[in-house]
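Number of protein chains: 2
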Amino acid sequence: MKKGKSAVVLLSGGLDSTTVLAMAMNQGYECHALTFGYGQRHCSEIDAAKRIAQHHGVAEHLISTIDLSLWGGSALTDEIDVPKDGVVEGIPITYVPARNTIFLSHALGFAEAIGARDIFIGVNAVDYSGYPDCRSEFVQAFEQLANLATKAGVEGDRFTIHAPLLHMSKVEIIMQGTQLGVDYSMTQSCYDPDNAGRSCGKCDACRLRDAAFSEIENA
Amino acid sequence: MKKGKSAVVLLSGGLDSTTVLAMAMNQGYECHALTFGYGQRHCSEIDAAKRIAQHHGVAEHLISTIDLSLWGGSALTDEIDVPKDGVVEGIPITYVPARNTIFLSHALGFAEAIGARDIFIGVNAVDYSGYPDCRSEFVQAFEQLANLATKAGVEGDRFTIHAPLLHMSKVEIIMQGTQLGVDYSMTQSCYDPDNAGRSCGKCDACRLRDAAFSEIENA
């Protein structure tokens, strides 16, 4: 338990980041959640993030607006259709160039400004092996950068990037979150929900999520 | 000469980044300039950046709005006075937590999306030795991260972070820029200009700039 220590938690409003928030809270961190409006088509996840942050009793929840659709290059931010024919090998078109680098760099600025030295991110290398910025090499490289880039880091007050889901399966994540009181009906995973925020059931995020819940129900 | 190759150039509208833009243009890059509105108090530098980008004939100039004043922690983004009593030792209060990490991460996303693999930044370790994210260790760590974080990087189409001013003095930078046709009257260095965009003449940025011009005039 690290009572009184504060952490910045990247919270998208999805299944993974909500579980990470519950894990950080359970470890005794005072959590400062950070959510991005980044020009994504699935912006109902921001509303989900607000409800989740409140439900879990975070110390603070900031919504940072950045516009990654300025340059596009992804089905999540551009006028490219989100694939719905099933999960394929390789890096999918839903990859957003440098997204996790951008998210972590903002989290780093936030953390340094408020005196937090722990940053939590819900990246997961098992189900989304296609995303380069969901791998442990990436997380390690960012932590190294963070400690060279900042006043706190060079003064020896080091940052730690926590990615507790890195090697967990979707099923393990949901079972862990359920133990910690996560209400997954509040989370939003879909890449392409309708205007009412209803999931499409066909994109990769929906397929992986639904498969995991089916597996748990049928176990 | 790298004719036809495109590059992303971080352009603040100040003396250093304008010189870097001129250097990248001179090396034959098709330049895509990227400027941030980040809640800084010296936002007249954005107008300067627009004029400079046009003057140098960039292929494209994007203004990205991000809000680093959400969490403050710096005299440039917060209600803290900009020091005007002269340059002191150590990391100054004008340090913005993780700013160059944030700028480079957005530049990386932009570059990957448009197929550019070269990113230019005007960091300088000589005059601003106090800023941790203006050192060569930082630039190297970011380049390493960039090649782990991106689809292009992991596929072997590597990114290069160019920081050509890293070890140049302010006088050397101005002499180099002047040779390349930079009009320094277009640039804006002041951290705390008045509403009309006039420099204060007393902040660190003004002092370092004015001292360099005096040295050149008196040489």
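As given, the protein sequences belong to chains A and B, one line each in that order. Just so we're aligned, residue 1 is where the first sequence starts under the working numbering, counting upward by one. Just so we're aligned, residue 1001 is where the second sequence starts under the working numbering, counting upward by one. Beta carbons: idealized from backbone N, C-alpha and C, even for Gly.
Restricting attention to A:61, A:84 and A:39, the CA atom closest to the CA of residue 11 of chain A is found in A:61.
With respect to the 9 angstroms criterion, residue 1116 of chain B and residue 1167 of chain B are not classified as neighbours on the basis of their beta carbons. Rounded to whole angstroms, the Cβ separation of residue 1093 of chain B and residue 151 of chain A is 10 angstroms, and the two are not in contact under 8 angstroms. For residue 1171 of chain B, the secondary structure class from DSSP, reduced to helix, strand or coil, is helix. Listed along chain A, the residues sitting closer than 8 angstroms to residue 1138 of chain B by beta-carbon distance are 145, 148 and 149.
Selection A:67, A:118 and A:183 evaluated against residue 49 of chain A yields A:183 as nearest (Cα-Cα). For residue 143 of chain A, the secondary structure class from DSSP, reduced to helix, strand or coil, is helix. Sorting B:1191, B:1118, B:1162 and B:1187 by C-alpha distance to the C-alpha of residue 1135 of chain B places B:1162 at the top. Neighbours of residue 1064 of chain B in chain A, taken as residues at a C-beta separation under 8 angstroms, are given in chain order as 66, 67 and 70. Restricting attention to beta strand (DSSP E) runs no shorter than 3 residues, the segment 14-93 of chain A encloses them at 30-37 and 60-65, ordered along the chain. Neighbours of residue 141 of chain A across chain B, judged by C-beta separation under 8 angstroms: 1141, 1144, 1145, 1148 and 1149.
Inter-segment contact for the segment 1008-1024 of chain B and the segment 102-114 of chain A is absent: fewer than three beta-carbon pairs are separated by less than 8 angstroms.
Distance check between residue 123 of chain A and each of A:149, A:29 and A:169 places A:169 closest, using alpha-carbon atoms only. Residue 1101 of chain B: member of the alpha helix (DSSP H) spanning 1099-1114, first to last residue. Counting other Cβ atoms within 10 Å of its Cβ, residue 1088 of chain B stays below 16 and is therefore classed as exposed.
With the rule of 3 Cβ pairs closer than 8 angstroms, the segment 1071-1088 of chain B counts as touching the segment 1197-1212 of chain B. Minimum Cα-Cα distance from residue 1114 of chain B among the listed residues B:1030, B:1165 and B:1080 corresponds to B:1030. DSSP lists A:30 as the bridge partner or partners of residue 6 of chain A.
Between residue 1046 of chain B and residue 1057 of chain B, the C-beta spacing is not below 9 angstroms. 9 angstroms or more divides the Cβ of residue 112 of chain A from the Cβ of residue 1014 of chain B.
Non-local beta-carbon contacts of residue 1040 of chain B in its own chain, meaning distances under 7 angstroms to residues more than five positions away in sequence, involve 1076 and 1077 in chain order. Going by C-alpha positions, residue 1005 of chain B is about 15 angstroms away from residue 1022 of chain B. Residue 1133 of chain B belongs to the set of residues whose beta carbon lies under 9 angstroms from a beta carbon in chain A. Shown here, residue 210 of chain A sits in a helix according to DSSP, grouped into three states. Counting C-beta atoms within 10 angstroms of its own C-beta, residue 216 of chain A has fewer than 16 neighbours from the protein chains shown and is therefore classed as exposed. Minimum Cα-Cα distance from residue 194 of chain A among the listed residues A:24, A:35 and A:82 corresponds to A:82. When beta bridges are read from the DSSP output, residue 1160 of chain B appears opposite B:1118.
Its Cα nearest to that of residue 1214 of chain B, the residue B:1175 stands out among B:1145, B:1175 and B:1034. About 14 angstroms separates the beta carbons of residue 1019 of chain B and residue 1208 of chain B, which is beyond the 8 angstroms limit, so they are not a contact pair.
Against chain B, the CB of residue 112 of chain A has a partner CB under 9 angstroms away; the residue lies at that interface. Residues of the same chain with a CB within less than 8 angstroms of the CB of residue 1191 of chain B, apart from the 5 flanking positions on each side, are 1041, 1042, 1075, 1076, 1082, 1094, 1200, 1203, 1204, 1205 and 1206 in chain order. Residues of chain A with a Cβ closer than 7 angstroms to the Cβ of residue 1007 of chain B do not exist; the shortest Cβ-Cβ separation is about 14 angstroms.
Classified as exposed, residue 157 of chain A has fewer than 16 neighbouring CB atoms from the shown chains inside 10 Å of its CB. Going by beta carbons, residue 1026 of chain B and residue 1180 of chain B fall inside the 9 angstroms limit. At a cut-off of 9 angstroms, the C-beta of residue 1117 of chain B has no neighbouring C-beta in chain A.
When the beta-carbon positions are compared, residue 71 of chain A and residue 1142 of chain B stay at least 9 angstroms from each other.
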